[in-house]
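Residues 2 to 267 in our numbering are what the sequence shown lists, from first letter to last. We treat Cβ as the ideally placed atom computed from N, Cα and C, and that holds for glycine. None of the values given here were measured: they were computed from a predicted structure.
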Amino acid sequence: MNHEGRGTRRPEPSGAELLALEAVLAASLRSDCPSPQTLGEHRLGLSTGPEQARIARHLSTCPHCREELELLERFLERSDETPEPPAADLSSSRAPGAPGSFKERLFQWTDALASLLGPQTAGRAGISGPAMPVPAGVRGAPGRRMAPGGASPSHEGGAALGLTFASDEAMVALQARPAPHGRFDLLVLVAPVEGSPGDLPVWLRHEGDIVASARTDPAGNAVLAGLAAGAYDLAVQHAAARIWVKGIRLGPSTDSARGDADAPTP
């Protein structure tokens, strides 16, 4: 009997192959992406010259961070609607006219992100805390693990980027997918802090009306199909809490889901 070939060891990967694999893993986990606070400091011109240049180079090649920076800019713009605290309550080290209020809101934003990662209880009156963008250390590559059945949507050819949000009760990942006749399918993945991700009601509101609804499968996936371009608010019912992600915008210019991190409303 010819046993030729049995027990033959596969050749070890070359150094170049290992480097290529490392680059793929780093891109998937976004291990080289700056934190939301660093992106905000870059946006406000608060980082040093070399750091500004490094982040600018990174932004030129990373669509995920560009998407996240746009989201942060919208958050800062919306926070202008809240009144400024009295001058006596601000740090005495801030010079008059300096962009301290923006920086303070940036720190409040990142502090809120960190606090949302812990296993906290449901919000007051059964309403969840704000669904906020997830920090760089845990967010992963947008759009990964979001399609039904665990398939990973391609990011090639201008495919949609995803966004991930966290509330006290769950993480919610969103991705838009082009559909026939200029419409869109919104892929939703819900990962509760506690309890099963399956059979959770998910629905979309447009101008106050419910326009689409679904229930998550056992893995937490749901698809809201055939949506027209426009602005939507998404809600997920988890136990006694209702989680809101407001300001989701679908449109042919982006082929993506963009969301504003708003405080939830009943």
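- Boundaries of the beta strand (DSSP E) harbouring G227: N222 to L228, taken from the DSSP string.
- Taking 8 Å as the cut-off, the beta carbon of G252 is found no closer than this to the beta carbon of A236.
- Judged by DSSP secondary structure, H43 falls within the alpha helix (DSSP H) whose first and last residues are P37 to R44.
- Checking the DSSP bridge columns, you'll see V246 partnered with L235.
- When secondary structure is reduced to three states using DSSP, S61 falls in the helix class.
- Distance from the CA atom of R216 to the CA atom of D200, rounded to whole angstroms, is 5 Å.
- Judged by their CB atoms, L205 and V194 are not nearer to each other than the 8 Å cut-off.
- The closest CA to that of V191, considering only R58, D218 and A177, is found on D218.
- DSSP links I211 through a beta bridge to R206.
- Collapsing the DSSP output to three states places L201 in coil.
- K247 and D234 have their alpha carbons spaced roughly 4 Å apart.
- Non-local beta-carbon contacts of E74 in its own chain, meaning distances under 8 Å to residues more than five positions away in sequence, involve R44 in chain order.
- Assigned with DSSP and collapsed to three states, A241 falls in coil, not helix or strand.
- R58 counts as exposed, since fewer than 16 other beta carbons sit within 10 angstroms of its beta carbon.
- Taking the Cβ atoms as the reference, V173 lies roughly 6 Å from I244, within the contact range of under 8 Å.
- Under the three-state reduction of DSSP output, L190 falls in the strand class.
- The residue from A167, P181, H207 and L228 with its alpha-carbon nearest to that of L187 is L228.
- Taking C-beta atoms as the reference points, P35 and I56 count as a pair closer than 8 Å.
- Partner residues in the beta bridge of L164, as assigned by DSSP, are L175.
- Within the same chain, and ignoring the five residues on either side of C63 in sequence, the residues whose Cβ sits closer than 7 Å to its Cβ are C34.
- Spatial neighbours of A232 in its own chain (CB-CB distance under 6 Å, excluding positions within 5 residues in sequence) are listed in chain order as R250.
- Under the three-state reduction of DSSP output, L251 falls in the strand class.
- In its own chain, leaving out the 5 sequence neighbours on each side, no residue places its CB closer than 7 Å to the CB of E23.
- When the five nearest sequence neighbours on each side are left out, the beta carbons in the same chain lying within less than 6 Å of the beta carbon of S214 are those of W204, in order along the chain.
- Checking the DSSP bridge columns, you'll see A180 partnered with R184.
- Taking all protein chains shown into account, L70 has 16 or more neighbouring C-beta atoms within 10 Å of its C-beta and is therefore buried.
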